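Novice: In the working numbering, the protein residues as written are 2 to 159. In this text, a Cβ means the ideal position worked out from N, Cα and C, and glycines have one as well. Note that the coordinates shown come from a computational prediction; the quantities given were computed from them, not determined experimentally.
1. Quick check on residue 1: does DSSP put it in helix, strand or coil?
2. If you scan the region 60-87 from start to end, which runs of the alpha helix (DSSP H) of 4 or more residues do you find wholly inside it?
3. Starting from the C-beta of residue 49, find all residues in its chain whose C-beta is less than 6 Å away, skip the five residues before and the five after it, and write them out in chain order.
4. Do you know offhand how far residue 107's Cα is from residue 56's?
5. Quick one: grab the DSSP three-state call for residue 137.
6. What are the partner residues of residue 30, as DSSP defines its beta bridges?
7. So, helix, strand or coil for residue 89, using DSSP?
8. Output the boundary residues of the beta strand (DSSP E) element that contains residue 11.
9. At which residues does the alpha helix (DSSP H) containing residue 44 begin and terminate?
10. Specify the secondary structure class of residue 151 as computed by DSSP and reduced to three states.
11. Alpha carbons only, please: which of 77, 81, 65 and 103 is nearest the one belonging to residue 30?
12. Quick one: any contact between the region 127-139 and the region 21-36, if contact means 3 or more CB pairs under 8 Å?
13. Return yes when the Cβ of residue 127 is within less than 8 Å of the Cβ of residue 33, no when it is not.
14. Using the Cα positions of residue 41 and residue 90, report the straight-line distance between them to the nearest angstrom.
15. What separation, rounded to the nearest whole angstrom, lies between the Cα atoms of residue 153 and residue 70?
16. Taking contact to mean at least 3 C-beta pairs separated by less than 8 Å, is the region 118-125 in contact with the region 6-17?
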């Protein structure tokens with residue numbers, strides 16, 4: 002796999018989606034959790050999506066329960082929670098693992114492309130990866146990085 006656009010991911014209903022459908026767009030890929038202290042970042046992510054989606058930004062949310070089991074077991078609960086509480090309209094995908102033997106191949110690739118400060122492993126919910134229009138991972142952001150602080154980097158890629 003050479004770029005993010007080479008991967009296929011699962012939608013909440015179990016169907017697959019090729020990330021090549023997003024070729025030519027800037028992506029912000031995030032592992033999310035509905036019951037986390039950082040869950041309020043959904044608001045900031047949604048604001049970025051509303052501001053920049055028409056200019057070529059897609060935000061892709063991947064629910065993950067690997068960190069203190071802070072995600073609903075049922076993906077329908079997750080999507081309803083995000084829509085009702087934060088107005089999330091950006092694509093949310095099936096619940097995945099981001100670390101370990103069962104890690105989703107997309108996240109294994111993202112971690113190889115941009116390692117964290119001390120390791121390549123994802124340390125918590127809301128780790129964010131910025132991907133350019135060609136599918137190259139250009140930056141990784143810590144879970145505590147507020148989405149508003151990513152805005153300039155996104156604007157520069159659009």
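Specialist: Straight from the coordinates:
1. No information on residue 1 is available, as it lies outside the stretch 2 to 159 that the chain covers here.
2. 76-87
3. 148
4. CA-CA distance, residue 107 to residue 56, rounds to 24 Å.
5. Three-state result, residue 137: coil.
6. 61 and 130
7. coil
8. 9-11
9. 42-53
10. helix
11. The option with the nearest alpha carbon to residue 30 is 65.
12. yes
13. When the beta-carbon positions are compared, residue 33 and residue 127 come within less than 8 Å of each other.
14. 15 Å
15. When rounded, the distance between both Cα atoms is 32 Å.
16. Counting Cβ pairs under 8 Å, fewer than three are found: no touch.
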